[in-house]
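Each remark here refers to the structure printed beneath this line.
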Amino acid sequence: MSSISLVQIGILRSIHRLQLDFQAIQNALEALRVSILPYGARHAARYFDLPWFAEHRDPFDRMIIATALEEHLPMITNDAKSLLYTNLNVVW
Numbered sequence: 013m014s015s016i017s018l019v020q021i022g023i024l025r026s027i028h029r030l031q032l033d034f035q036a037i038q039n040a041l042e043a044l045r046v047s048i049l050p051y052g053a054r055h056a057a058r059y060f061d062l063p064w065f066a067e068h069r070d071p072f073d074r075m076i077i078a079t080a081l082e083e084h085l086p087m088i089t090n091d092a093k094s095l096l097y098t099n100l101n102v103v104w
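First residue of the sequence shown? That's 13 in my numbering, and the numbers climb one at a time after it.
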């Protein structure tokens with residue numbers, strides 16, 4: 013899982029769209045044996061190469077997409093806008 017996903021969860025919590033605290037999230041990640049991938053320069057470089065879609069401008073989603081593409085990992089989401097990106101393996 014991208015570290016950017018944790019940032020998104022934190023934002024959703026701060027605007028009261030999620031009621032989870034960080035410990036609950038950490039416990040769930042440990043139970044699921046999820047590894048956190050740091051967002052780095054390779055991911056940022058891939059971000060620059062992403063096509064621009066007016067209907068999908070969320071910078072955090074685009075950072076997660078760049079990470080998934082760079083790491084050759086599937087992206088787990090129910091956001092249909094993610095299907096706009098070719099070569100992105102979307103699971104949901």
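For each residue, glycine too, the CB sits at the ideal point set by N, CA and C.
Because the structure is a prediction, the values reported are computed rather than measured.
Q | Three or more C-beta pairs below 8 angstroms linking the stretch 57-75 and the stretch 28-43 | A | no
Q. Looking at C-alpha atoms only, which residue of Leu62, Asn101 and Tyr51 is the closest neighbour of Met87?
A. Numbered from its first residue, the sequence shown carries residue 87 at position 75. It is Asn101 whose Cα lies nearest to the Cα of Met87.
Q) What do you reckon, are the CB atoms on Arg58 and Leu81 nearer than 8 angstroms? A) The count along the sequence shown starts at 1 and reaches residue 58 at position 46. The count along the sequence shown starts at 1 and reaches residue 81 at position 69. Against a cut-off of 8 angstroms, the Cβ pair of Leu81 and Arg58 comes out as a contact.
Q: Please report how far the alpha carbon of Thr89 lies from the alpha carbon of Ile37, in whole angstroms.
A: Your numbering for residue 89 matches position 77 in the sequence shown. Your numbering for residue 37 matches position 25 in the sequence shown. Cα to Cα, the separation comes out at about 17 angstroms.
Q) What's the C-alpha gap between Arg29 and Ile77? A) Here residue 29 corresponds to residue number 17 of the sequence shown, with the count starting at 1. Here residue 77 corresponds to residue number 65 of the sequence shown, with the count starting at 1. If you take the alpha carbons of Arg29 and Ile77, they lie about 22 angstroms apart.
Q) Any idea what DSSP makes of His68, helix, strand or coil? A) In the sequence shown, the residue the question calls residue 68 occupies position 56. Of the three classes helix, strand and coil, the one that applies to His68 here is strand, per DSSP.
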